[in-house]
Each structure stands twice: as C-alpha cells, then as structure tokens.
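Worksheet: the structure to be examined is printed underneath.
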Amino acid sequence: MSTRWSPAAWTGTIASRSARAAPATSSAVSPLMRSPMSSAAICAGVASPRITTAKTAVVWLSVRARRLARAAMASSSGEAVERDGAASGIGISGSPKLPRKIAFCQMGQRVAWLDWPFVSSYLWSVAPVAPATSRPCLAVVQYDGAQFVGWQRQRDGRTVQAEFEAVLERLMGRRTTAMGAGRTDTGVHALGQGVGFGASGRWGEDPDGLRRALNALLPRDVWVERVHPMQPGFNARQSALARRYRYVIGSDDAAHSPFRRPYEWALGRGLDQAALADAAAALVGEHDFRGLASAGQVKPHYRSRVALAEWAPRTDGAGVTFTIEADRFLHRMVRFLVGAMVDVALGRRPLSDLPRLLSATDNRAASPPAPPQGLYLVAVRYPPDLYAEA
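Counting from 2, one number per residue, gives the positions in the sequence shown under my numbering.
Set out below in structure tokens:
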C-alpha cells in the first residue's frame, strides 16, 4: 500500500544545517534555513511576552489566589486595591481578559496586565479543554532545538510542545493539546516533526490560514511548513508508519566553529567510509535494540524494523551524514547507533561487535551515544487515507 510522507520525500542532504526550500507562499523563514550568523543570533535570544510596566515579575494566579494576594497587598500598605486588580496609575492593556484566568505583574504596589497571555502549566487545571467537535489536523513543524530541552512539555525548561500549545490556546480560545510524532531530546532538531492537534471554529476549515497564524505567533526558532486536515481517529504518534532521522557529523577542523557546533557533531577527524557502510548494512531488518538504547525503558517489546540505514558524504565535503528509517525508535537509539558505528570506523571496536550488541539485553557493552545536536527528525510517514484532502 502506498504511503505518504510528512513532509514530502526528502530530496537533499544536510550540509551544516541545510533543509528544503520554504514554500513560495510563505513569508516565514525556517529556523534551520537561516545563515549561521543569523541563526546564532536567534539562538542567543528567547522571545518573551511584552509587559506594559518595566521591571516587573510575571505571575499567573487563579481567581482565589488573586483575591488573597490583593488582600495581602492592601493589608501591608493600608490602602484599598482596585477590584479589577490594577493599582492606581497603571493602565490595563487592550487585550481582553481570559475567562477564569487572571494574570498580573507585581513589583511593590504596581500591577500591570500582560499585553498577551503567557500560558503556563499552572493554568491547565482551569483552562477549558478543546471540544470534541474540533477537527484533527497535522502540522509539519521545523525547529532549532539548540534552545529547547526537548519536544515534550516539562516542569522546568523551555520545550517545543509548551510553545506550540501556548499559541494554539491563543488561537482556539481554549486549552488544546499538541502531540508530537517524535519526542526529541534536548538539543535535537526537527525538519519534519508531525504535530497533531484539534482545530476548532474557522481554523478547522482554513488550514493555510491556520499555518500563517501559527507562524505569526510562534517564536523564531519554530516554523510550521504545512497544515493538513486529517480524518477522525488520526493520532500523530500512533498513526505513524515510519519515522526518518538524519545525523550530521563534521570531520573538518571548522566543525568546531561556534556557528556549526550546535548543529552537528564536531568530530574534527575523518572516518573510514567503508567501515561505516558495512556497519549500517548490519542494522537493516528487524532487531531487538535494547543493547543500543537508553536503559530503564519498560515496553511490551524492544524490536524495531529498520527499512533504511545508510551513510553518505555531505554535499559540502565537510563530513558525513547517517540516515535511518524505521517503524519505531527506542529512546536515544539513533545516537547509540551512531556512537557504535563511529567507534567501528575509528578502529576502536571491531565490526563483529554490532551483531553482539543487537542481541544484548542491556546497553552495558554499548559505545557512548553520539551528542544530541547532530540529530534531526527529518520526516514522519502516515497512511494516505488519513489525509482529509487526499
């Protein structure tokens, strides 16, 4: 049965951070297609909400907590506090207040509203959930993972999922969950992450308008390439037939440049191409990858079916890339595979070790995993009948 890739079939080889050209209709620029200098500048700054009063700390409170804080402020100063939560002389911005969510910035007795709502995990218990009538959608998302602690939402650290869901909540007017096809780790990039969510109202009928709205609100290191309306029952993770990853290694001395290091493994030395090819060939087929993945994973089984595993020279001659496609991946599996194959290519371990690692029940004999910054989630493949426009 024919299948469909999201994005469409990959045609290029990553050099330092190359990616496919952006659609002609898009005014946005992919975070992984900018020049090294501009990309480094983006990595150095994180977009944040603009606040009407300078030097204030951002705090999100429930209605009850706001009342308690207001009473405490009035008690400490002996002055009455306005019922709307704004102190005298501090204006409220023109953005409408969100129902059941109160935000204010406090410094001494000064209170000011945020110009746009910053969505925090502490609000999830009170924010309304997306209705069951919302239309399932798939967004093909690229992101520069250098400033993220991964895809999946966490209590501490900046994540792609939290950024994406914050924008969805602004557009949909309610909490909307975004599910990624792959849970990339800290520093890992994406050229074709599949993100599933429910679009309500007019957004469910206008995928291109939704894409433009998402790109207008997302930070500069996240970019939506396309939005597809999907059939009922679509699940970005469970519906995926295969995922494709690519790992980039720099073998020249310039790989240690601060403008290249966040986007590749700065190995700085050449590798035996024939040894890499032989090692990759041993991975094709169905194997138990417990010996080449993170320890402590509890799963019904640990087998993956690898359809593609190949090394290729980079188009700029600055190193090599490894591309792998499989029906499923264990945690850090690609990085463990790359680490083992590089050790084989450097003569640190024999090629005969790979079959032994593929039959191991733990990773104690594995090579150290390759660093995360060289890894890219390139594409996710879904059945074509799940696309509503197909």
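Glycine is no exception: its CB is placed at the ideal position from the N, C-alpha and C atoms. Nothing here was measured: the structure is a model prediction, and the numbers come from that model.
Task: His-288, buried or exposed, once every other Cβ within 10 Å from all chains shown has been counted against 16 - done: As a working note, residue 288 is residue 287 in the sequence shown. Buried, because 16 or more other Cβ atoms sit within 10 Å of the Cβ of His-288.
- [ ] Drop a sphere of 10 angstroms on the beta-carbon of Pro-259, count the other beta-carbons inside from all chains shown, and report buried for 16 or more, exposed for fewer.
- [x] Here the question's residue 259 lines up with position 258 in the sequence shown. Classification for Pro-259: exposed.
Task: Residue range of the unbroken beta strand (DSSP E) whose run includes Leu-378 - done: Position 377 of the sequence shown, counted from the first residue, corresponds to residue 378. Residues 376-383.
Task: Distance between beta carbons of Tyr-377 and Ala-243, contact taken as under 8 Å - done: Looking up residue 243 in the sequence shown gives position 242. Looking up residue 377 in the sequence shown gives position 376. That pair is no contact at about 15 Å.
TODO: Please state whether DSSP places Gly-199 in a helix, a strand or coil.
DONE: The residue given as residue 199 occupies position 198 in the sequence shown. Looking at Gly-199 - three-state DSSP - the assignment turns out to be strand.
Open item on the list: Check for me: the alpha helix (DSSP H) holding Arg-227 runs from which residue to which?
Closed with: Taking the sequence shown and counting its residues from 1, one reaches residue 227 at position 226. Unbroken run through Arg-227 is the beta strand (DSSP E), 223-230; no alpha helix (DSSP H).
Open item on the list: Give me, in chain order, the residues of the same chain whose beta-carbon lies closer than 7 Å to that of Arg-136; leave out the 5 immediate sequence neighbours on both sides.
Closed with: Here the question's residue 136 lines up with position 135 in the sequence shown. Excluding positions up to five away in sequence, the list reads Gly-199, Ala-200, Gly-205 and Pro-230.
Open item on the list: Please tell me whether Thr-324 and Tyr-383 are closer than 9 Å, where the distance is taken between their beta carbons.
Closed with: Mapped onto the sequence shown, residue 324 falls at position 323. Mapped onto the sequence shown, residue 383 falls at position 382. No, the Cβ-Cβ distance between Thr-324 and Tyr-383 is not below 9 Å.
TODO: Count the other C-beta atoms from every protein chain shown that fall within 10 angstroms of the C-beta of Pro-370, then say buried if there are 16 or more, exposed otherwise.
DONE: For this step, residue 370 is matched to residue 369 along the sequence shown. Buried, by the Cβ-count rule.
Task: For Arg-244, the three-state DSSP class (helix, strand or coil) - done: Counting from one through the sequence shown, the residue named residue 244 turns up at place 243. Strand, per DSSP.
TODO: Go ahead and label Asp-363 buried or exposed: buried means 16 or more other beta carbons lie within 10 angstroms of its beta carbon, across all protein chains shown.
DONE: Counted from its first residue, the sequence shown places residue 363 at position 362. Label assigned to Asp-363: exposed.
Open item on the list: Quick check: Val-142 and Val-196, are their CB atoms within less than 9 Å of each other?
Closed with: Looking up residue 142 in the sequence shown gives position 141. Looking up residue 196 in the sequence shown gives position 195. In contact: Val-142 and Val-196 (Cβ atoms closer than 9 Å).
Task: Gly-146 to Pro-263 span [Cα, whole Å] - done: Taking the first residue of the sequence shown as 1, we reach residue 146 at position 145. Taking the first residue of the sequence shown as 1, we reach residue 263 at position 262. Straight-line Cα distance between these residues: approximately 9 Å.
- [ ] Name the two residues that bound the continuous alpha helix (DSSP H) containing Leu-218.
- [x] Counted from its first residue, the sequence shown places residue 218 at position 217. Element bounds for Leu-218: 208-218.
- [ ] Keeping to the same chain, check which residues put their C-beta closer than 7 Å to that of Ala-367; ignore five residues upstream and five downstream.
- [x] Position 366 of the sequence shown, counted from the first residue, corresponds to residue 367. Closer than 7 Å at the Cβ level, and outside the excluded window around Ala-367, lie Gly-292, Leu-293, Phe-337, Ala-341 and Leu-358.
- [ ] Write down the C-beta distance between Thr-160 and Pro-373 rounded to the nearest angstrom, noting that I regard them as a contact closer than 8 Å.
- [x] In the sequence shown, residue 160 corresponds to position 159, counting from 1. In the sequence shown, residue 373 corresponds to position 372, counting from 1. Actually they are not in contact, since the Cβ atoms of Thr-160 and Pro-373 sit about 14 Å apart, beyond 8 Å.
Open item on the list: Can you tell me where the alpha helix (DSSP H) holding Pro-356 begins and where it ends?
Closed with: The residue you call residue 356 lines up with position 355 of the sequence shown. Where Pro-356 is concerned, the enclosing alpha helix (DSSP H) stretches over 354-359.
- [ ] Work out the CA separation of Asp-157 and Arg-365 for me, nearest whole Å.
- [x] Here residue 365 refers to the residue found at position 364 of the sequence shown. Here residue 157 refers to the residue found at position 156 of the sequence shown. Rounded to whole angstroms, Arg-365 to Asp-157 spans 30 Å at the Cα level.
Open item on the list: Going by the DSSP bridge assignment, what does Tyr-144 pair with across the sheet?
Closed with: As a first step, residue 144 must be located in the sequence shown, where it is residue number 143. DSSP lists Ala-191 and Val-223 as partners of Tyr-144.
Task: Check whether Leu-331 and Ser-305 have beta carbons under 9 Å apart - done: In the sequence shown, residue 331 corresponds to position 330, counting from 1. In the sequence shown, residue 305 corresponds to position 304, counting from 1. Yes, they are a contact pair.
Open item on the list: Within a Cβ cutoff of 6 Å, which residues of the same chain sit near Pro-208, ignoring the five residues on either side of it in sequence?
Closed with: Residue 208 sits at position 207 when you count from the first residue of the sequence shown. The residues are Val-228 and Pro-230.
- [ ] Work out the CA separation of Ala-241 and Ala-276 for me, nearest whole Å.
- [x] Stepping through the sequence shown from its first residue, residue 276 is reached at position 275. Stepping through the sequence shown from its first residue, residue 241 is reached at position 240. The alpha-carbon atoms of Ala-276 and Ala-241 are separated by roughly 32 Å.
Task: Residue nearest to Gly-375 in terms of C-alpha spacing, selected from His-257, Ala-163 and Glu-390 - done: Stepping through the sequence shown from its first residue, residue 375 is reached at position 374. The option with the nearest alpha carbon to Gly-375 is His-257.
Task: C-alpha gap between Ile-250 and Gly-318, whole angstroms - done: Mapped onto the sequence shown, residue 250 falls at position 249. Mapped onto the sequence shown, residue 318 falls at position 317. Distance between the alpha carbons of Ile-250 and Gly-318 is about 11 Å.
- [ ] Compute the Euclidean distance between the alpha carbons of Glu-226 and Val-339, then round it to the nearest angstrom.
- [x] Here residue 226 corresponds to residue number 225 of the sequence shown, with the count starting at 1. Here residue 339 corresponds to residue number 338 of the sequence shown, with the count starting at 1. Going by the C-alpha atoms only, they are around 28 Å apart.
Open item on the list: Beta-carbon within less than 6 Å of Val-189's beta-carbon, same chain only, minus the 5 sequence neighbours each way: which residues are those?
Closed with: The residue you call residue 189 lines up with position 188 of the sequence shown. If we look at Val-189 and ignore the five residues flanking it on each side, its Cβ neighbours are Gly-146, Pro-373 and Leu-376.
TODO: Count the other C-beta atoms from every protein chain shown that fall within 10 angstroms of the C-beta of Leu-387, then say buried if there are 16 or more, exposed otherwise.
DONE: Residue 387 sits at position 386 when you count from the first residue of the sequence shown. Under this definition Leu-387 is a buried residue.
Task: Among His-302, Leu-284 and Gln-298, nearest to Trp-312 - alpha-carbon criterion - done: Counting from one through the sequence shown, the residue named residue 312 turns up at place 311. When only C-alpha atoms are compared, the closest one is Leu-284.
Open item on the list: Looking at Asp-380: is its Cβ nearer than 9 Å to the Cβ of Arg-212?
Closed with: Indexing the sequence shown from 1 puts residue 380 at position 379. Indexing the sequence shown from 1 puts residue 212 at position 211. For the sequence presented, residue 380 should be read as Ala rather than Asp. No, they are not a contact pair.
- [ ] Closer than 7 Å by C-beta to Leu-172: which residues in its own chain qualify, once you throw out the five before and the five after it? Chain order, please.
- [x] Reading the sequence shown from its first residue, position 171 is the one you call residue 172. So the qualifying residues of the chain are Trp-204 and Ala-214.
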